[in-house]
Amino acid sequence: GTDDHSSDLFWESRINMIHFVLLVSRQGKVRLTKWYSPYTQKERSKVIRELSGVILNRGPKLCNFIEWRGYKVVYKRYASLYFCMCIDEADNELEVLEIIHHYVEILDRYFGSVCELDLIFNFHKAYYILDELLIAGELQESSKKTVARIISAQDQLVEAAKEEASSISNIIAQATK
Amino acid sequence: MNSIFSGTRLRDMIRSIRACKTAAEERGVVRKECADIRASINENDPHDRHRNLAKLMFIHMLGYPTHFGQMECLKLIASPGFPEKRIGYLGLMLLLDERQEVLMLVTNSLKQDLNHTNQYVVGLALCALGNICSAEMARDLAPEVERLIQFRDPNIRKKAALCSTRIVRKVPDLAENFINAASSLLKEKHHGVLITGVQLCYELCTINDEALEYFRKKCTEGLIKTLRDITNSAYQPEYDVAGITDPFLHIRLLKLLRVLGHGDADASDLMTDILAQVATKTESNKNAGNAVLYECVETIMAIEDTSSLRVLAINILGRFLSNRDNNIRYVALNMLMKAIAFDDQAVQRHRVTILECVKDPDASIRKRALELVSLLVNENNVKQLTKELIDYLEISDEDFKEDLSAKICSIVEKFSPEKIWYIDQMLKVLSEAGKFVKDDVWHALIVVISNASELHGYTVRALYKAVLTYSEQETLVRVAIWCIGEYGDLLVNNVGMLGIEDPITVTESDAVDVVEDAITRHNSDMTTKAMALVALLKLSSRFPSISERIKDIIVKQKGSLLLEMQQRAIEFNSIVDRHKNIRSSLVERMPVLDEATFNVRRAGSLPASVSTMAKPSVSIPNGVAAAPLVDLLDLGSDDIMAAPSSSGADFLQDLLGVDLGSSSAQSGATPGPKAGADLLMDILSIGTPSPAQNNTSSIDLLSTAGINNNPSNALDTLSSPAPPHIATTASAGGMFDLLDGLSPSPSKEATNGPAYPPIVAYESSTLKIEFTFSKPSGNPQETNVQATFINLSPNTFTDFIFQAAVPKFLQLHLDPASSNTLPASGNITQNLRVTNSQHGKKSLVMRMRIGYKLNGKDVLEEGQINNFPRGL
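Chains as they are written, first to last, in my numbering: chain F, 1 to 177; chain H, 1 to 872.
Set out below in structure tokens:
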């Protein structure tokens, strides 16, 4: 909680939100990082180093939660990738597991049985999809279909712009021949 | 487009980076790419920007610096096309954070994009703003965002809602502007909008009381209906997760209801039915259902008392606890900790299961369970729970022993029904996990043992037996050695046998074996070895028949490579050899250690005395609060009080004469000039006299009668000229001087009456109290104290009153103060007369309370003064 504000309205007064999202490969390579709370670049690398160390070394049958510096990190492994989200202690860990799964399903649908390579070469797409899922560390959309529709509408905008650009450059090329 | 300088494509760059076999190779590739990107940035070709930024983001993820690309993000965002903006905003969110000044430059572009005709551009801007906006940007752009909450397209409405969430977190003052817009979102059918709308309302409720009241009045019933509809809804493939329609929406609705119900019986009443329905009807065989149940339990426990619901909630947690899924058990343990607050009994029923969780292979679960168990301990179950935990300590993973043993110790200390039980349990912990036990814990054990005089024999025998088996447990060895040194005679003679004990045969030589073992074992640390040496010195007097053997062991240490050990060995040898007449009194049993004061110091909650080594020990800035074991132990207080830290641990270290675990000693470096002399002093319970008061302090420290009254006492001979150069006795010559120079002639100062240095008796941010002392001739028991109260604040204190209390051995008389008004930066004085009936044995100590009015308000300050010069 960098966004601490005191409130005695209810018993857990900390903000409930996802502070960051991290995708790390089994080899410890970072595949995606998204920060919703302010961390300096230095802090970011430290967090990544620390957490990937802990998570990669955890045994397979243990629970998916790590208590870490007063926060909780919920992680889940899909094939060679660990999806991690850092939340506040009072947050609903089980729901965050569902959010991770939700994200993975959307990625899967988008790439057509997603694998790590998709997320390496199209890392920006993974970010775009995450941005349709979370804003300000909060869930934005519970319908996978809706996310897919909005992403594809934007992809089409990009495609259209590309086509336009290439047709213009063809015209210019023709004209200057 | 395809300019000659376009460099590699993103895909090719990623490939070549992935092809690198070593980190150095990767650095090389990245360096070259970064150089190309910089060159390309300098050329300022808009067509390359998109690709440059994509590359930079990839490089950034690998952990390389990419700050030089930040401006490119801004340029891309400012370009007209959607593709450029899309990558520009992505880069902005990845490469920058809200604390960077550069971010402010984007405010204008954001404002334009929030008003863009293309809704996807608006979406990009909302997303960026919602993820990284600073308070300043939040203020600037809040009106735009508020307007967008009502936008025609739901995609924009939901983004605006979450963006508002961030805005009100950053600037809580803006909350009320959003109340109306937020409440309109609660009527939506679109799940995305509803989810984000509920989230925004939740946020507003936690920030703003007005919002909370508003939503409670206007929206509770509507929200309940929404929750009921969604709970009862038919199968909807778009939102179905494991048989539950939109668990995410469920959870957010439950969360908002929690805030609305908390502290409001009427609202709580309204939601009872639906909560009961969710609690009973939700499928619990999949994670999604359990996530909803978990949230429902949280809400039930937070809203106003509806006991029937709480039974439901506790039952759910009970089921969770016996679930085979580790995740579910983990959250159950978490929730049960909260449930203790209102239904301890219900949680106690699950004690056996919870104890099992302490033994779980999963560290996260163990940790939670251990926390929970420690909350469940009470006077009735402490023995049983402790037994279970200690049994487990024997077989637990090494890396869990530290946490576990710490928790057991704290439970045992807190709930111990009797001393013998406490000692037994602590011995078990030290035997199993002694190397993990913190200093303050074993120090506390020694204090307790010291106080349990009827158990001295029992304890020393139990420790002797334990240490034979668990000689690798450092702290166990230390406690054992200390006790053997103190109570060795009880060990060999089976003195004070309890009914439960089996007699054991321990010869004097057996007892010395244990100590010798500790001193010669190569992995014993400095503290242990030093304690062993002290124990040997003590035993040389307790066991005269084998004192030659003991002497041999001590002499061997003269060759120790550790300077401290060497010095002690030489000094002790000298005592054994040449001062037989005083030896027995020198090494008398330690007086009973004061538990109360030790605990106060241990708690460490009070301000520490802040003087440093560099300062002379006589001028202690603030002796208040560091309660004195000193007078009780008749120990040298000066160096203790002057030590940089006043924690109980350090203190007891001094008391045990083992102040040498310091890095300087261990690294074999020469200890500071002070250490050597101090140590000897400590060991002999002498303390380090400061030149100004050396003679008196040594007297006190030796636990003997007063200075001049009893010169026949052998120990008094020590009183005389403890030489002023004592602090430099690191040289061997100095040491012998110290012991040889014990002439019985009283020192000059002792006859003339020493001068006592003034002290700062108390100091807070507003008030300082100084004491100066004088002795009326003829009555050494009496001391006149002039107290000067100095107002450090810029305000006047009125109705100033100083009160003081002293222990029974002191008598106190207060004269009226010079005034009861203390002007800003001014001072007043007051005379006190103290009569010390234990003069020469005990030091002055005083509790005080100061009351005054500051700006019409009553102020009370309290403290304990324990830095009186010795000998008053």
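Think of the CB as a built atom: it goes at the ideal place given N, C-alpha and C, for glycine as much as any other residue.
Indicate whether residue i and residue j have their beta-carbon atoms separated by less than 8 Å.
i: R870 (chain H); j: E862 (chain H); result: no
i: L533 (chain H); j: I554 (chain H); result: yes
i: G81 (chain H); j: L53 (chain H); result: no
i: I135 (chain F); j: C163 (chain H); result: yes
i: N287 (chain H); j: L94 (chain F); result: yes
i: I195 (chain H); j: R252 (chain H); result: yes
i: V147 (chain F); j: E141 (chain F); result: yes
i: I303 (chain H); j: D343 (chain H); result: no
i: L822 (chain H); j: T788 (chain H); result: no
i: Y120 (chain H); j: N92 (chain F); result: no
i: L62 (chain F); j: D594 (chain H); result: no
Give me whichever residues DSSP pairs with residue i in a beta bridge.
i: G863 (chain H); result: H:M848
i: A480 (chain H); result: Paired residue(s): none; A480 (chain H) is not in a bridge.
i: L812 (chain H); result: H:V834
i: S25 (chain F); result: F:L81
i: S774 (chain H); result: H:N784
i: K76 (chain F); result: F:F83
i: Y762 (chain H); result: H:I769
i: I244 (chain H); result: H:V241
i: E138 (chain F); result: F:I135
i: L854 (chain H); result: H:F797, H:K857
Please report whether the beta-carbon of residue i lies at a distance below 8 Å from any beta-carbon of chain F.
i: N131 (chain H); result: yes
i: D246 (chain H); result: yes
i: E72 (chain H); result: no
i: Q199 (chain H); result: yes
i: S364 (chain H); result: yes
i: F151 (chain H); result: no
i: P869 (chain H); result: no
i: L148 (chain H); result: no
i: T196 (chain H); result: yes
i: G81 (chain H); result: yes
i: L742 (chain H); result: Unreliable placement is indicated for L742 (chain H), whose pLDDT of 40 sits below 50; the coordinate value is still reported in the next sentence. Judged by the 8 Å Cβ criterion, L742 (chain H) is not in contact with chain F.
For residue i, go through chain F and note every residue whose CB falls closer than 9 Å to its CB, in chain order.
i: V873 (chain H); result: Nothing about residue 873 (chain H) can be read from this structure; chain H reaches only from 1 to 872.
i: R86 (chain H); result: H124, Y128, Q154, L157, V158
Consider the Cβ of residue i: report whether some Cβ of chain H lies at a distance smaller than 8 Å.
i: D91 (chain F); result: no
i: H19 (chain F); result: no
i: F123 (chain F); result: yes
i: E67 (chain F); result: yes
i: L88 (chain F); result: This sequence places Asp at residue 88 (chain F); Leu is not what is there. Not one chain H Cβ lies under 8 Å of D88 (chain F).
i: C63 (chain F); result: yes
i: T146 (chain F); result: yes
i: D118 (chain F); result: no
i: I150 (chain F); result: yes
i: L94 (chain F); result: yes
i: L107 (chain F); result: no
Which chain F residues are close to residue i, counting only those with a beta carbon under 8 Å from its beta carbon?
i: H50 (chain H); result: Correct list: empty, because the minimum Cβ distance to chain F is about 10 Å.
i: R166 (chain H); result: I135, A136
i: K367 (chain H); result: E67
Under 7 Å Cβ-Cβ, which residues of chain F neighbour residue i?
i: L249 (chain H); result: S142
Check each candidate in the options and name the one with the smallest Cα separation from residue i.
i: H874 (chain H); options: H:H67, H:D36, H:K75; result: In this structure chain H extends from 1 to 872, so residue 874 (chain H) is not present and cannot be described.
i: L427 (chain H); options: H:R169, H:A462, H:K187; result: H:A462
i: L844 (chain H); options: H:T835, H:G851, H:Y852; result: H:T835
i: L918 (chain H); options: H:K414, H:L872, H:A125, H:L355; result: The question about residue 918 (chain H) has no answer, for chain H in this structure spans 1 to 872.
i: N180 (chain H); options: H:K438, H:S405, H:Y214, H:L94; result: H:Y214
i: A182 (chain H); options: H:E188, H:G197, H:R169; result: H:G197
i: K841 (chain H); options: H:P591, H:F598, H:N820; result: H:P591
i: E50 (chain F); options: F:K61, F:V104, F:V24, F:P60; result: F:V24
i: I340 (chain H); options: H:K359, H:E371, H:S560, H:K367; result: H:E371
i: D397 (chain H); options: H:I411, H:D325, H:R366; result: H:R366
Strictly below 7 Å CB to CB, what residues from chain H border residue i?
i: W35 (chain F); result: D97
Counting only Cβ pairs nearer than 9 Å, list the residues of chain H close to residue i.
i: S45 (chain F); result: G63
i: Y39 (chain F); result: D97
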